[in-house]
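For reference, the structure is listed below as structure tokens.
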Ligand SMILES: NC(=O)c1ccc[n+]([C@@H]2O[C@H](COP(=O)([O-])OP(=O)(O)OC[C@H]3O[C@@H](n4cnc5c(N)ncnc54)[C@H](O)[C@@H]3O)[C@@H](O)[C@H]2O)c1
Ligand SMILES: O=C(O)[C@H](O)CO
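Residue numbers (this note's numbering): 1 to 386.
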């Protein structure tokens with residue numbers, strides 16, 4: 001018999017059983033669920049990544065909805081179990097949902113929620129931080145200081161790259177890619193080249209207006225270019241940041257061949273998903289090109305790194321923390337809970353997942369709607385008129 005899973009229960013007499021596979025920041029998400037007659041069960045197991053078997057045990061015989069995490073494998077097995085338990089709602093506490101087999105969810109009529117918008121600026125800020133850390137060799141220099149190696153200023157000590165006037169390349173100029181681009185352009189007066197399947201019109205307008213502002217003030221205007229192919233970005237940019245979704249088209253988008261096209265002293269940042277880069281090829285490239293630098297928040301086989309990566313001084317590496325600000329993580333928990341609650345209650349789907357601020361205002365009750373359900377159309381769910 002499977003070992004029982006430890007849980008913490010809120011509002012035991014609640015009519016609807018909602019399970020969260022992890023404890024999540026803040027209490028607003030719990031309060032919103034319990035106020036609407038939900039019994040909330042939070043998994044308190046110590047292990048970081050729950051297996052499918054663990055989650056099956058959590059779902060049990062009766063479960064209305066589950067809030068899950070990007071580390072979990074949500075496919076046929078879990079969605080069929082959720083359906084058998086009477087469940088109709090699942091939400092990732094993440095905007096990315098490459099860990100979810102949406103067609104399996106569709107097959108069992110389960111709504112799949114995600115948490116867009118609330119993490120856009122936070123994630124872009126971390127990508128900007130990685131860009132700066134890599135450009136100015138901050139981690140290497142920090143380690144040098146702590147090792148007691150600093151014995152006086154030297155003209156060649158930790159010389160890095162100046163960003164001003166250089167070109168920032170963004171691959172995937174959606175919410176986060178565009179926010180990152182704005183930070184780098186406005187903050188460091190970089191020129192932009194981007195590649196996306198769609199035109200980033202608002203971003204283009206912003207760069208045009210900012211360029212005009214700089215010109216009017218006697219400064220060199222910034223420029224933008226939408227690349228026809230990703231190769232143009234790889235060839236022209238000094239700093240390249242990856243922000244696409246992970247799917248078949250973006251798996252190993254950066255590989256041995258694409259790395260070879262990039263400038264020898266370029267900086268590559270990834271705060272999207274690990275498999276967008278062929279990490280083994282990246283390790284070889286870092287070894288062969290000591291002036292090439294990377295800033296990585298995500299890894300191909302998380303939580304592991306490919307052999308050799310940890311030894312590379314030209315890599316700045318952090319453990320998937322791009323959305324880790326208190327406000328953002330509490331907001332992600334709120335959006336995930338409201339996705340599940342809304343589906344259970346039969347609320348409509350919020351009309352614009354890019355405008356979710358109204359759900360995050362702690363001073364007023366959230367709208368009676370699901371903030372973001374990615375398979376709403378497939379399930380024929382009604383959209384809110386608000
Ligand atoms: N590291 C983290 O903690 C963290 C935090 C938030 C999001 N993310 C990742 O970032 C991703 C993007 O989030 P978002 O909110 O900006 O999503 P988004 O949907 O607004 O942006 C994704 C963009 O990628 C583009 N795209 C898709 N396929 C492409 C391709 N083949 N080539 C180029 N562009 C392509 C899309 O057109 C879109 O503009 C998420 O899916 C998630 O995986 C990571
Ligand atoms: O997709 C996401 O939301 C991140 O990876 C975690 O914030």
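Glycine is no exception: its CB is placed at the ideal position from the N, C-alpha and C atoms.
Just so we're clear, the structure is a prediction, and the values are computed from it rather than from any experiment.
Under the three-state reduction of DSSP output, residue 315 falls in the strand class.
Taking C-beta atoms as the reference points, residue 65 and residue 343 count as a pair closer than 8 Å. Of the residues 98, 336, 213 and 365, the one whose Cα lies closest to the Cα of residue 371 is 336. For residue 180, the enclosing alpha helix (DSSP H) starts and ends at 175-188.
Around the C-beta of residue 240, 16 or more other C-beta atoms lie within 10 Å, and the residue is accordingly described as buried. Residue state for residue 66 is assigned as strand, using DSSP reduced to three classes.
In the DSSP assignment, no residue is bridged to residue 150. Taking 7 Å as the cut-off, one finds at least one heavy atom of ligand 1 near enough to the beta carbon of residue 249.
If you draw a 10 Å sphere on the C-beta of residue 332, you find 16 or more other C-beta atoms in it, and that means buried. Counting along the chain, the unbroken alpha helix (DSSP H) around residue 58 starts and ends at 52-59. Residues 341 and 345 of the same chain have their beta carbon placed closer than 7 Å to that of residue 36, with the five preceding and five following residues left out of the count.
Ordered by chain, the residues meeting the criterion of a beta-carbon within less than 5 Å of a non-hydrogen atom of ligand 2 are 94, 95, 96 and 323. Between the segment 126-143 and the segment 99-110, the count of Cβ pairs shorter than 8 Å is below three; the stretches do not touch.
Contact check between the segment 276-294 and the segment 244-263: three or more CB pairs, one atom from each, fall below 8 Å, which counts as touching.
With distances taken between CA atoms, residue 4 lies nearest to 54 out of 41, 33, 54 and 20. For residue 167, the enclosing beta strand (DSSP E) has its first and last residue at 167-171. Distance from residue 79 to residue 104 at the Cβ level is roughly 5 Å; contact confirmed, criterion being Cβ atoms closer than 8 Å. From the listed residues 182, 69, 174 and 300, the smallest Cα separation to residue 91 is found for 69. Shortest gap from the CB of residue 175 to any heavy atom of ligand 1: under 7 Å.
Residue 194 is bridged by DSSP to 170 and 226. The C-beta distance from residue 309 to residue 272 rounds to 17 Å, too long to fall under 8 Å, and the pair is not in contact.
Relative to ligand 1, residue 273 has its C-beta within less than 7 Å of a heavy atom.
Buried is the label assigned to residue 41, since at least 16 other Cβ atoms lie within 10 Å of its Cβ. If you draw a straight line from the Cα of residue 368 to the Cα of residue 349, it comes to about 9 Å. Taking the CA atoms as reference points, residue 44 sits about 8 Å from residue 21. Taking a C-beta distance under 8 Å as the contact criterion, residue 356 and residue 118 qualify as a contact pair. Between the segment 315-331 and the segment 158-171 there are fewer than three inter-stretch CB-CB distances shorter than 8 Å, so the stretches are not counted as touching. If you compare the alpha carbons of 288, 29, 7 and 354 with that of residue 365, the shortest gap goes to 29. Here residue 116 is buried. Its C-beta has 16 or more other C-beta atoms within 10 Å.
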